[in-house]
Every structure is written in C-alpha cells, then in structure tokens.
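*Asks:*
Numbering (this note's numbering), first residue to last: 36 to 278.
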C-alpha cells in the first residue's frame, strides 16, 4: 500500500492507496511522526511520497525512510511521467506538479487545464503530448477577503456564504460579490481562452473551494477534490516502477 502525504499551506492531506485505488483520506492541521505511526499500525504501508509547500519536517522524513521500503520526497529533481517546460522548475510548487500529473494520468492524450482553488488559485496547462507548458497563480478566496480587511482601515473581514448577489447593497455584500464573482469571471475567462487554443480542452477543478465554484462557472468542468493526491500516487508508482 502507498502512503501519500501532501502538506499544504493550511492543512495536511493524507491518502492511503492500494496501487491505484484510494482506500482512505485524512486531513490534519499538521502531520507528524506520531500520526504516521498510527497509520503504520492500521495499514501495511510499503511505499510513500511526501510533498510539501512548507519547510519539510525532517523528523517525519527520517521516520518514513526507516519504516517504508521505498520513500520519495517530491522536488524539482524527481522523475515525472510528463515533461516540464518551465523556466524555473526549482520554484514550481510540488502541489502544482502533482495536480498536472494527476490530470494527465486521468485524461491521457487530452489538452487539459487544471484550476486549483485553495489558498491561492493556480492554473496549469498540460498539452495532449504530455507536456506541462506552465500556468498562473492568483490569490484564493479567503486570501482576497483577508487582504481587503488587513490592508484597509475600514473594510470588514467577510466570510463566504452561498447566496452571492451580482451587485452588493452593503459593504459586506459588495466585498462578497466582488471577490466571488471576480473569481468566477477570472476562471471562466481562462477557460474561454483555452477553448480558443484547444478545441478539445478538458477542465479539472480541484482544491478546497472546488465544489463551491463548480456550480457557479458557466463552462463545463470536472470537479475532483482529490486530483493532487491522485497525481502524487501516480508519481510514486512511476518512480517505484523505474527502480
């Protein structure tokens, strides 16, 4: 069985895969040695991959190296089942690499756009030939709400809700509508541009806010909250096979 660890900006996601099938998903604020030991008691874990957008937990890494037959720390030197065409691959986030890999694995031979709506919104473009050509980064929903509050004197900190008007009739609803509708127009705009270039483009929407935006976009998309975990598992299996 495979242990998949993805430490994001706000939470750590842990998945257990039996080869290609996910059998469990767990979410923690932080994932440490103690939590890992509990999983080893529960599952016959053999291989593992560790991906983080933060500083790696060296104690956790040392423990995993001892307990797993094969351990992989995802970085810019990791062998991938797709080709990266990025001017600074050493700065390319491991979550972005994993999302692109997952999309290419689930839709091989297709031109793909991946939208990951989390702390940041990332856009990844993968061509049908299996080449990752690049992408964009912009602030995520909660980041936008917090920025408006923290960098102004009077604007309140607004929380997301389901009922979003087109135009605000109070400062709170103006911020809510501005942030949410602005993100929807941004995402739909990128999808429209991709459809001009690639008539067969397949769009994945993933991340913590994927299902919130799924019903708001005018374009057809496929929401998959586990795309990054699928990609990490694909990268792990690819490297195990190369041994």
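Every residue, glycine too, gets a C-beta built ideally from N, C-alpha and C.
Note that the coordinates shown come from a computational prediction; the quantities given were computed from them, not determined experimentally.
Would the stretch 203-218 count as touching the stretch 116-127 if we require 3 or more Cβ pairs under 8 Å?
*Replies:* With a cut-off of 8 Å, the stretch 116-127 and the stretch 203-218 do not count as touching, because too few Cβ pairs lie within range.
*Asks:* So the beta strand (DSSP E) residue 248 belongs to, where does it begin and stop?
*Replies:* Residue 248 -> not in any beta strand (DSSP E); alpha helix (DSSP H) instead, spanning 245-249.
*Asks:* Whole angstroms are fine: how far does the CA of residue 114 sit from the CA of residue 57?
*Replies:* Each residue's Cα considered, the two are about 22 Å apart.
*Asks:* Where DSSP assigns a beta bridge to residue 106, which residues make up the other side?
*Replies:* According to DSSP, residue 106 bridges with 83.
*Asks:* In the DSSP assignment, what are the bridge partners of residue 257?
*Replies:* 239, per the DSSP bridge assignment.
*Asks:* Taking 8 Å as the cut-off, decide whether the C-beta atoms of residue 71 and residue 109 are in contact.
*Replies:* In this structure, residue 109 does not lie closer than 8 Å to residue 71 by Cβ.
*Asks:* Can you confirm whether residue 166, when its beta carbon is compared against all beta carbons of chain C, has any partner nearer than 8 Å?
*Replies:* The structure shown contains no chain C, having only a single protein chain.
*Asks:* Tell me which same chain residues have a C-beta within less than 8 Å of the C-beta of residue 103, skipping the five on either side of it?
*Replies:* Here the set comprises 38, 80, 81, 82, 83.
*Asks:* Where does residue 9 land, buried or exposed, given buried means 16+ other C-beta within 10 angstroms?
*Replies:* Here the chain has residues from 36 to 278 only, and residue 9 is not among them.
*Asks:* Can you tell me which of the three DSSP states residue 113 falls into?
*Replies:* Correct three-state label for residue 113: coil.
*Asks:* Going by alpha carbons, who is nearest to residue 243 out of 120, 128, 156?
*Replies:* It is 156.
*Asks:* Under 8 Å: do the stretch 253-270 and the stretch 231-240 share three or more Cβ pairs, one atom per stretch?
*Replies:* They touch, by the three-pair rule.
*Asks:* In the DSSP assignment, find the unbroken alpha helix (DSSP H) run with residue 219 in it and report its ends.
*Replies:* Run containing residue 219: 206-232, per the alpha helix (DSSP H) assignment.
*Asks:* Note down the Cα distance separating residue 77 from residue 259, rounded to an integer number of angstroms.
*Replies:* Each residue's Cα considered, the two are about 26 Å apart.
*Asks:* Enumerate in chain order the residues of its own chain whose CB-to-CB distance from residue 201 is below 8 Å, with the five nearest sequence positions on each side excluded.
*Replies:* Excluding residues within five positions, the ones whose Cβ falls inside 8 Å are 212, 216.
*Asks:* Sorted by chain position, which residues of the same chain lie with C-beta nearer than 7 Å to residue 99's C-beta, five sequence neighbours on each side aside?
*Replies:* If we look at residue 99 and ignore the five residues flanking it on each side, its Cβ neighbours are 71, 83, 85, 106.
*Asks:* In the DSSP output, which residue or residues are listed as bridge partners for residue 169?
*Replies:* In DSSP, residue 169 forms a bridge with 160.
*Asks:* Here's a check: name, in chain order, each residue in its chain whose Cβ is nearer than 7 Å to the Cβ of residue 209, leaving out the five neighbours to either side.
*Replies:* Correct list, in chain order: 203.
*Asks:* How many angstroms separate the CA atom of residue 279 from the CA atom of residue 44?
*Replies:* There is no way to answer for residue 279, as the model of the chain reaches only from 36 to 278.
*Asks:* If we count the other Cβ atoms within 10 Å of its Cβ and call it buried at 16 or more, is residue 231 buried or exposed?
*Replies:* Under this definition residue 231 is an exposed residue.
*Asks:* Mapping DSSP to helix, strand and coil, what is residue 100?
*Replies:* If DSSP states are grouped into helix, strand and coil, residue 100 belongs with the helices.
*Asks:* Check whether the Cβ atoms of residue 141 and residue 226 lie closer than 8 Å to each other.
*Replies:* No, the Cβ-Cβ distance between residue 141 and residue 226 is not below 8 Å.
*Asks:* Take the Cβ of residue 167 as the centre, count every other Cβ of all protein chains shown within 10 Å, and call the residue buried at 16 or more, exposed below.
*Replies:* Buried, by the Cβ-count rule.
*Asks:* Residue 62 by DSSP, collapsed to three states: which one?
*Replies:* Residue 62: strand per DSSP, three-state reduction.
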